[in-house]
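Only one structure is covered here, and it is reproduced in the block below.
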Amino acid sequence: MASIDGWSKGGIFTWARNMLGEKTGWAALFYQWIHITVGMNTMMFFIIGCLSISFDMPIINNNPAIKFMLMMVILWGLIFAQQHGTAVTGKIAQWCFSLGVIIPVFFLLIIFVIYLLQGNPMLININMHTLLPKSWSGNVLVGFVPFMLVFAGAEGSAPHVKNLKNPRVYPKVMIALAICAIASDIIGSMAIAGTIPADKIQLSDGIVYAYGELVEKFGISVVIVEKVTGFLLAVGVLGEISSWVVGPNAGMFEAAKSGFLPPRFSKANKYGIETNVMILQGLIVSAMGALLTFGSGKNSSNLSFQTAISLTVALYTLMYVLLFASYLVLQFKHKELNRTFLAANSSLFRKIYGVLGLVLSAFGFVITFFPPAELAPSAQRTYLLLLGIAFVIVVFIPFVLYRYHKKWAGELGIPVAQELSKEEKNILPAGSQTAHDVSGTHDNKSSH
């Protein structure tokens, strides 16, 4: 879709708007933005979990009030730091991510491989029987939900396919990246599950304890390694959140300038930073953080983390359902539109790809609403209640906002397009500046 003339800007908004209508396009853009906003809570849960180990202060991870207070310090501190421009903070974020995520994760993978080569025991049995789920019920399959975030942001690279000398290379590169991401996730998860007893695994900080269990076999101080790696990982993820505060807001800022948000959100400060959009994002993150943190009760970091992950995936897969629905409408009803890249030469195969994508996205969406089997019955009810309330609130927000689209666009002096002809609905002109044009959606971001 990104290779069709005039469709390279605007990302998911352009694709869904042209095939499913402006309201649906706006909803898709909103879900793409809000899933990152909600996902910030999972990152902050992770940071606090790591710091609780580094400073030997479990209370900051187990006490909801202290935990939420630290989340607010992290969130609003980063928002404030971005107000004077992103040149310096961008470089800091890159260094934080490199030192605090890439290096520690690769170190974990290396020592885990050495651990296995030396014949050390695994706490889990890996064979043909254990590779498959014990049950295909939703309560078990929901365990795959966090892995779906491996692919988050993949659609952000699509507009660049037209700039490739050989566009046919694009799917090969994406498949290779997907394989690498899945492999690293599986090995990392095996390192945790294979070295830490199941009843001691914390979703928000399990990787830190995995370092300790692994290096203990090599005669290295467990305490020092856990404290250092916990701090490095916290710093790394802090850098990732810093980039999330800026990047995804670009699309919403353009949406605000096109009348999809109140006019006050269309203004930037003297440094070109969309302060009001950031504040809106911060308020939503704060509200969701309060719901997830206090709603989970005491000593339930796993529950709050799992709920936040599931809500993030539910919103993201909902956006992908709209994306693949748009693609199928394109394949079935608008074959006349020229594009420089085709997923397959065969029309049948292209439709099969679209159907598979739609079905898998819908499947991922549905299983997020099954509580994990390892949760106690009371925790499962809390999980469903929190997830259901948060999802219902978020899913209706773009439709409520859209009711005021014409009013806000008029206040900005932007002409709202009238009912378009069939031909005009098919193609969004490049560079269009009407209220229907939202460009500048976020680029491909780092995987979770």
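Position one of the sequence shown corresponds to residue -1 (the numbering used here), numbered consecutively onward. All C-beta atoms in this analysis are idealised placements derived from N, C-alpha and C, irrespective of residue type, glycine included.
- Apart from the 5 residues on each side of it in sequence, A26 sits with its Cβ closer than 6 Å to the Cβ of I10, A14, M317 and L320 in its chain, given in chain order.
- Boundaries of the alpha helix (DSSP H) around N60: I57 to N60.
- Pairing V206 with L231 gives a Cβ-Cβ distance under 8 Å.
- When DSSP states are grouped into helix, strand and coil, R337 belongs to the strand group.
- In this structure, the CA atom of Q304 is about 12 Å from the CA atom of M41.
- Using a Cβ distance threshold of 8 Å, I185 and L107 count as a contacting pair.
- Comparing alpha-carbon positions, the option among V393, R337, P195 and R348 lying closest to F330 turns out to be R348.
- As the crow flies, the alpha-carbon of W24 is around 50 Å from that of V220.
- Nearest C-alpha to E214 among V233, I194 and A248: I194.
- Annotated as proximal: W242 and I34, with beta-carbon spacing under 8 Å.
- From the listed residues L309, I90 and A176, the smallest Cα separation to G362 is found for L309.
- Here the alpha carbons of I307 and L340 stand approximately 33 Å from one another.
- The C-alpha of I46 lies about 8 Å from the C-alpha of L68.
- Membership of T193 in the alpha helix (DSSP H) is indicated by the continuous run V167 to T193.
- Take the alpha-carbon of I190 and the one of A208: they are about 5 Å apart.
- Nearest Cα to W31 within the set F322, A288, A253 and G386: A253.
- Counting only runs of 4 or more residues that sit fully inside the stretch 219 to 245, the alpha helix (DSSP H) segments are 220 to 244, in chain order.
- By the C-beta density criterion, A388 is buried, having at least 16 other C-beta atoms within 10 angstroms.
- The distance from the Cβ of G210 to that of V226 is about 11 Å, inconsistent with a contact at the 8 Å cut-off.
- The DSSP assignment places complete alpha helix (DSSP H) segments of no fewer than 4 residues inside the stretch 70 to 101 at 85 to 95, in order along the chain.
- Distance from the Cα of F258 is smallest, within the candidate group F216, P62, R401 and G88, for R401.
- M70 is positioned such that its CB atom lies closer than 8 Å to that of S284.
- Looking at S344, L385, A323 and E372, the one whose alpha-carbon comes closest to that of V357 is A323.
- For a cut-off of 8 Å, the C-beta gap from I395 to F28 is around 7 Å, short enough to register as a contact.
- In terms of Cβ geometry, G352 and Y325 form a close pair [threshold 8 Å].
- A distance below 8 Å between beta-carbons, with the five flanking residues on each side excluded, links S345 to the following residues of its chain, in chain order: Q329 and K333.
- The C-beta of H82 has fewer than 16 other C-beta atoms within 10 Å across all chains shown, which makes the residue exposed.
- P396: member of the alpha helix (DSSP H) spanning P375 to Y400, first to last residue.
- When DSSP states are grouped into helix, strand and coil, P369 belongs to the coil group.
- The Cβ atoms of L301 and T380 lie closer than 8 Å to each other.
- Looking from the CA of A312, the closest CA among A91, I391, V244 and L399 belongs to I391.
- Under the three-state reduction of DSSP output, L321 falls in the helix class.
- Just measuring C-alpha positions, the residue of S256, Q80 and I72 sitting nearest K404 is S256.
- Looking from the CA of F78, the closest CA among V244, A63, A360 and F95 belongs to V244.
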